[in-house]
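>
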Amino acid sequence: MGSLSQICRLSSLRTNDPNSWDLCFFGDELKVKVNKLTSTKTQLPYSYYSLPYCPPEKIVDSAENLGEVLRGDRIENSPYVFKMREPQMCNVLCRVTLNAKTAKAFKEKIDDEYRVNMILDNLPLVVPIRRPDQENSIVYQHGFHVGLRGQYAGSKEEKHFIHNHLTFTVKIHKDPVTELSRIVGFEESDVKWASRWDTNLLMADDQIHWFSIVNSLMIVLFLSGMVAMIMLRTLYWDISKYNQLETQEEAQEETGWKLVHGDVFRPPSNPDLLCVYAGTGLMTAMLLLWVFMGLFARCFAACLYKMFKGAEWKEIALKTAFLFPATVFAIFFILNAVIWGQRSSGAVPFGTMFALVFLWFGISVPLVFVGSYVGFRKPAIKDPVKTNKIPRQIPEQA
Numbered sequence: 001m002g003s004l005s006q007i008c009r010l011s012s013l014r015t016n017d018p019n020s021w022d023l024c025f026f027g028d029e030l031k032v033k034v035n036k037l038t039s040t041k042t043q044l045p046y047s048y049y050s051l052p053y054c055p056p057e058k059i060v061d062s063a064e065n066l067g068e069v070l071r072g073d074r075i076e077n078s079p080y081v082f083k084m085r086e087p088q089m090c091n092v093l094c095r096v097t098l099n100a101k102t103a104k105a106f107k108e109k110i111d112d113e114y115r116v117n118m119i120l121d122n123l124p125l126v127v128p129i130r131r132p133d134q135e136n137s138i139v140y141q142h143g144f145h146v147g148l149r150g151q152y153a154g155s156k157e158e159k160h161f162i163h164n165h166l167t168f169t170v171k172i173h174k175d176p177v178t179e180l181s182r183i184v185g186f187e188e189s190d191v192k193w194a195s196r197w198d199t200n201l202l203m204a205d206d207q208i209h210w211f212s213i214v215n216s217l218m219i220v221l222f223l224s225g226m227v228a229m230i231m232l233r234t235l236y237w238d239i240s241k242y243n244q245l246e247t248q249e250e251a252q253e254e255t256g257w258k259l260v261h262g263d264v265f266r267p268p269s270n271p272d273l274l275c276v277y278a279g280t281g282l283m284t285a286m287l288l289l290w291v292f293m294g295l296f297a298r299c300f301a302a303c304l305y306k307m308f309k310g311a312e313w314k315e316i317a318l319k320t321a322f323l324f325p326a327t328v329f330a331i332f333f334i335l336n337a338v339i340w341g342q343r344s345s346g347a348v349p350f351g352t353m354f355a356l357v358f359l360w361f362g363i364s365v366p367l368v369f370v371g372s373y374v375g376f377r378k379p380a381i382k383d384p385v386k387t388n389k390i391p392r393q394i395p396e397q398a
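Each residue of the sequence shown is one higher than the last, beginning at 1 in the UniProt record's numbering.
1) Between C54 and V96, how many whole angstroms is the CB-CB distance? I'm expecting something under 8 Å.
2) Given this structure, state the Cα-to-Cα distance separating F161 from A321, to the nearest angstrom.
3) Alpha carbons only, please: which of Y80, N77, V32, F144 is nearest the one belonging to S39?
4) Which residue wins for smallest C-alpha separation from F329, given the options E315, A355, K314?
5) Skipping 5 residues on each side, what residues in its chain have a beta carbon closer than 8 Å to that of A105?
6) Would you call L37 buried or exposed, if buried means 16 or more other Cβ atoms sit within 10 Å of its Cβ?
7) Which residue comes first and which comes last in the beta strand (DSSP E) that contains P128?
8) Under the DSSP definition of a beta bridge, which residues are partnered with D61?
9) Quick one: what does DSSP say N99 is sitting in, helix, strand or coil?
10) Mapping DSSP to helix, strand and coil, what is T40?
11) Taking the continuous alpha helix (DSSP H) assigned at K319, which residues delimit it?
12) By alpha-carbon positions, which one of K101, P79, V170, M84 ends up nearest to N91?
13) Considering only C-alpha positions, which residue in the set V170, A63, I339 is nearest to L123?
14) Tell me the residue span of the alpha helix (DSSP H) that contains L148.
15) What residue from P379, R71, N99, V81 has the CA that sits closest to I339's CA?
16) Would you kindly check if the distance between the Cβ of M89 and the Cβ of L30 is under 8 Å?
17) Suppose the cutoff is 6 Å on Cβ atoms and the five residues either side in sequence are ignored; what does the same chain contact list for S62 look like?
18) Return the CA-CA distance between E68 and H163, expressed in angstroms with no decimal places.
19) Alpha carbon to alpha carbon, how far is E158 from S137?
20) Can you find the residues in the same chain that come closer than 7 Å, C-beta to C-beta, to K319, ignoring five residues on each side of it along the sequence?
21) If we ignore side chains and look at the alpha-carbon of each, how far apart do F332 and P349 end up?
22) Would you mind working out which of V365, F300, R266, L335 sits nearest A390, comparing C-alpha positions?
23) At which residues does the beta strand (DSSP E) containing R115 begin and terminate?
24) Using only alpha-carbon positions, find the residue among Y236, S364, L232 that is nearest to residue 401.
25) Inspect the beta-carbon positions of A326 and F376 and report whether they are closer than 8 Å.
26) Could you give the distance in angstroms between the alpha-carbon of H142 and the alpha-carbon of R131?
27) Drop a sphere of 10 angstroms on the beta-carbon of M229, count the other beta-carbons inside from all chains shown, and report buried for 16 or more, exposed for fewer.
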């Protein structure tokens, strides 16, 4: 690991994308962008230039959307630039001498199995590999490993090797009508533009996925069967007792399920928390939809709170607006500080953090009060049965 040389030749990384409609002409400049380093062993993404790779003359960050920033994407330019349908031989990008610190950084990323993700014309670069269970089947993996650990021939000492020789193959499909070329994945390909995403649908671990799905279904069916058997046995015993009642007095006695009918709709000891839980549960995991769903969630929470004879609608609105979001944001800030300390690209920048807080206080909180106000103006939900004034004592279970 004395020196690092990055060499690029146009001809094993392939590009695939179903959404790009860009038309590419002969000689058009193609620029490869670099994204984050990711690993299946850790959950911390890192910027591409956190390692001493060959940089361009000026590093320019691409504008990411909110989802990309939260996902840890850091899309930047790279020195890999070539022209459409003009093959090139091997070119040396730069020569870098590694010191002890940079060599250690490479070793850590190799040990953690980090992969380098690149983008060409908004298309993810992938590496073709053969499936171990099928000889002629090829699947594609996103990105390439930073390096690997291995041994020289005849040596037992394990060393770290850096993948610093990149070979690019850009597949093109010539349009028979316009004679223009669209990038699909510089060699001509029979793959049509509409089918160029099919390569990413071929997964190497589809059997593992099927096993997981079948395993989950079996567990769900087993647990559902157990619950159904318990419910059926309980109902069977209660119906048998009802059928054995002979006198009118015995028939009027409350037994089995009748014992709890007068306590089903009794307000809980903390109705405000139940209303907050129920209202928050109406939200979805999507961030923007979660913000705007605050209106409907808080309206439902207010109606439920009014059903429990609650009168402090402002208090329930404040709890619904801040209890769960404040807990989530507190955990989020702590985790973000830890990730920031690890110098990971997964740390959310200050500007994005401010945007999230603005979505909370500027949109979600006002909608909470609007929803609570609307909910309290609606009539209270009426219980279908009358609730007993004295709660029934539940005997202790042995």
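Quick reminder that beta carbons are idealized off the backbone N, C-alpha and C, glycines included. Given the structure is predicted, the values throughout are model-derived calculations rather than measurements.
On the basis of the coordinates in this document:
1) 7 Å
2) 53 Å
3) F144
4) A355
5) S50, L51, P52
6) buried
7) 123-130
8) E76
9) coil
10) coil
11) 313-341
12) P79
13) V170
14) Looking at the DSSP string, L148 is not in any alpha helix (DSSP H); the run it does join, the beta strand (DSSP E), is 147-151.
15) R71
16) no
17) I75
18) 26 Å
19) 32 Å
20) D272, V276
21) 13 Å
22) In the sequence under discussion, the amino acid at residue 390 is Ile, which differs from the Ala named in the question. Of the listed residues, the one whose Cα sits closest to I390 is R266.
23) 114-120
24) There is simply no residue 401 to check, as the chain begins at 1 and stops at 398 in what is shown.
25) no
26) 15 Å
27) exposed
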